[in-house]
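Read the structure below first, then the notes.
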Amino acid sequence: MLLCMVTPEAVPYAKTGGLADVTGALIKEFNSAGLKAFLFMPFYSEVIKSDNISDTGIRIRLQILSETIEASMLESGDKDYPAYFIRCDKFFMRKGLYGESSGDYPDNALRFSFFSRVSLEAMKALSLRPDIIHLHDWQTALIPFYLKNFYSGDPFFKDTKTVLTIHNLGYQGIFHPSQLPYMGVGLEYFNPEGLEFYGKVNLLKAGIIYSDAITTVSENYAREILTEEYGFGLDGILRKRSSRLFGILNGIDYELWNPETDIYLPKRYSIKDIGPKRSCKISLLRELSLRLTPEQPLIGFVGRFASQKGVDLIAEAIPDIIRLGAGLIMIGEGDREIEKRLLKEAEAFKDSLYLKTGYDEALARKVYAGSDILLMPSRYEPCGLTQMISMRYGTVPLARATGGLVDTIEDYDHLKEKGSGFLFRGYNSAEMIKSLKRAFCLLRQKRRWMSLVRSVMKKDFSWKGSAGKYIALFRKLKEARL
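And the structure:
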């Protein structure tokens with residue numbers, strides 16, 4: 000089976016978030032499972048830093064209104080991770096992938112519709128006749144639309160099926176209808192049954208309507224997005240296509256995230272020898288000048304400073320967390336108003352609260368290893384990767400019961416001494432504090448806490464099982480059993 004994965008980002012080439020981790024890991028898993036899988040993504044300024052990338056000599060030209068725009072096709076030399084890059088400096092040689100601190104790039108509709116169209120032409124130029132095109136998020140969601148409407152008579156794509164993976168329904172690619180001509184789309188498609196969405200153009204909606212199958216990144220999130228609360232206005236369309244909607248849980252790279260080999264940790268440890276984890280906590284407290292004893296609870300947060308991640312709840316609860324005798328380390332960036340509030344709290348509680356704005360890979364890994372609890376009070380969470388990473392490092396997740404957090408964390412039962420973390424349901428700081436008190440109570444009981452730590456470290460969120468579910472779906476589509 001030949002598969003072409005089209006994505007706006009993938010590790011190790013370019014990354015803004017978890018999407019890149021997912022696509023980078025999946026392409027490797029697909030190839031190791033026997034598929035012929037090829038990656039297609041834009042050639043950003045970040046990719047220049049990568050080694051072993053060469054020019055194929057292939058040039059693809061598109062007519063966009065009165066202008067002819069050319070793209071070059073580049074390729075990686077990695078046989079285990081074959082990747083192709085669409086180079087068009089006019090669109091992709093910028094500081095950011097989608098925007099900068101001032102906001103999103105105003106021509107994103109043109110940039111990513113160009114990327115989508117050139118990707119299809121590149122497959123033809125490379126003679127890569129795909130059985131499956133696997134698409135990721137709104138930036139690639141026009142491809143099924145183009146195939147069904149503009150390539151329907153092209154024998155090259157006659158047997159090609161499309162699968163769109165929605166990583167976060169909150170990001171849909173919504174633009175003014177004046178952008179349609181730049182995307183090569185006529186006004187006849189701008190209607191409620193097509194790309195129109197409350198007077199705007201919605202690219203993700205196009206992908207949902209025209210894809211042969213739709214996946215999202217956890218089973219629970221696949222159910223949630225069918226509701227008005229989590230559907231972001233697309234729940235009606237998703238309910239119409241619910242027979243083609245599947246939840247497949249994300250995974251993490253167990254070679255990349257491993258406390259036995261992590262070079263950033265002061266002491267390495269494993270499930271067979273958890274003792275050095277305490278040394279990681281002590282070292283972290285010293286490094287950040289937090290005046291806490293190793294016996295006091297240490298809570299970590301790694302993620303975007305945004306209301307989606309529940310950071311407004313954390314900010315509200317900080318005085319209560321400190322009064323309970325706990326310490327808190329937060330790493331991330333995002334909403335400026337939330338950042339200002341957190342900075343004010345960090346100044347007020349400098350002995351117990353450490354705030355790092357901006358992502359720091361080394362510090363994040365030390366937080367995963369040195370914390371007792373990882374906090375994820377998300378308003379909604381399609382899947383979440385940080386709770387999987389924290390469990391790999393023996394740090395117990397405490398999260399709101401939503402999306403993929405429900406699929407990956409079993410709420411601890413004190414009577415049965417069973418579970419893999421702590422969950423709360425209502426989106427309010429009072430419920431979060433109540434759940435934290437449950438966790439702190441258990442933390443004081445060393446034997447039971449260490450039993451919980453061993454339990455979470457035994458969890459397996461590696462990619463093999465999830466990749467197998469994708470492959471099973473691809474085969475059903477190819478064999479016309481779906």
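Here the sequence shown stands for residues 0 to 481, where the numbers follow numbering that gives the first Met the number 0.
A virtual CB, placed ideally from N, CA and C, is assigned to each residue, including glycine.
Per the C-alpha coordinates, the member of 41, 134, 266 and 242 positioned closest to residue 203 is 134.
Assignment of residue 396 by DSSP, reduced to helix, strand and coil, places it in the strand class. For residue 112, the enclosing alpha helix (DSSP H) stretches over residues 107-124. Under the DSSP assignment, residue 46 falls outside any alpha helix (DSSP H); it carries neither an H nor an E label. In the three-state scheme derived from DSSP, where H, G and I count as helix and E and B as strand, residue 0 is classed as coil. Remark: three or more beta-carbon pairs, one from each stretch, lie closer than 8 Å, so the region 135-146 and the region 197-212 are flagged as touching. Its chain contains 350 as the residues whose beta carbon lies nearer than 6 Å to that of residue 290, once the 5 sequence neighbours on both sides are disregarded; these appear in chain order. Distance between residue 454 and residue 264, taken at the CA atoms: about 22 Å.
Just so you know, the alpha carbons of residue 279 and residue 366 end up roughly 9 Å apart. The region 18-91 is shown to contain whole alpha helix (DSSP H) runs of 4 or more residues at 88-91, in chain order.
Judged by DSSP secondary structure, residue 292 falls outside any alpha helix (DSSP H); it is assigned neither H nor E. Less than 8 Å separates the beta-carbon of residue 127 from that of residue 1. Rounded to whole angstroms, the Cβ separation of residue 327 and residue 320 is 6 Å, and the two are in contact under 8 Å. Per the coordinates, the alpha-carbon of residue 369 lies some 18 Å from the alpha-carbon of residue 398. Comparing alpha carbon positions, the residue from 356, 457 and 346 closest to residue 257 is 457. Between residue 51 and residue 23, the C-beta spacing is not below 8 Å. Burial state of residue 187 is exposed, judged by a 10 Å Cβ sphere holding fewer than 16 other Cβ atoms.
According to the DSSP assignment, residue 467 belongs to no beta strand (DSSP E) but to the alpha helix (DSSP H) extending over 462-477.
For residue 403, the enclosing alpha helix (DSSP H) stretches over residues 402-407. By the Cβ-count criterion, residue 311 is buried, with 16 or more other Cβ atoms from all chains shown falling within 10 Å of its own Cβ.
The C-alpha of residue 301 is placed about 33 Å away from the C-alpha of residue 236. Annotation for residue 298: the continuous beta strand (DSSP E) segment containing it runs 297-301. Residue nearest to residue 463 within the set 26, 9 and 12 is 26 (criterion: CA-CA distance).
Close CB contacts of residue 396 within its chain, under the 7 Å cut and outside five residues either way in sequence, are with 373, 375, 386, 389, 390, 408 and 420 (chain order). The beta carbon of residue 354 lies closer than 6 Å to those of 329, 341 and 345 in the same chain, with the five residues before and after it left out. Residue 212: member of the beta strand (DSSP E) spanning 212-215, first to last residue. Taking all protein chains shown into account, residue 47 has fewer than 16 neighbouring C-beta atoms within 10 Å of its C-beta and is therefore exposed. Short of 6 Å from the beta carbon of residue 259, and not among the five residues preceding or following it, lie these beta carbons of its own chain, in chain order: 267 and 269. In the same chain as residue 362, and ignoring 5 residues on each side of it, the C-beta atoms closer than 8 Å to its own belong to 330 and 355, in chain order.
DSSP, read as helix, strand or coil, puts residue 223 in helix.
Around the C-beta of residue 132, 16 or more other C-beta atoms lie within 10 Å, and the residue is accordingly described as buried. At the C-beta level, residue 234 and residue 477 stay beyond 8 Å of one another.
CA-CA distance, residue 32 to residue 393, rounds to 29 Å. The beta carbon of residue 436 lies closer than 8 Å to those of 323 in the same chain, with the five residues before and after it left out.
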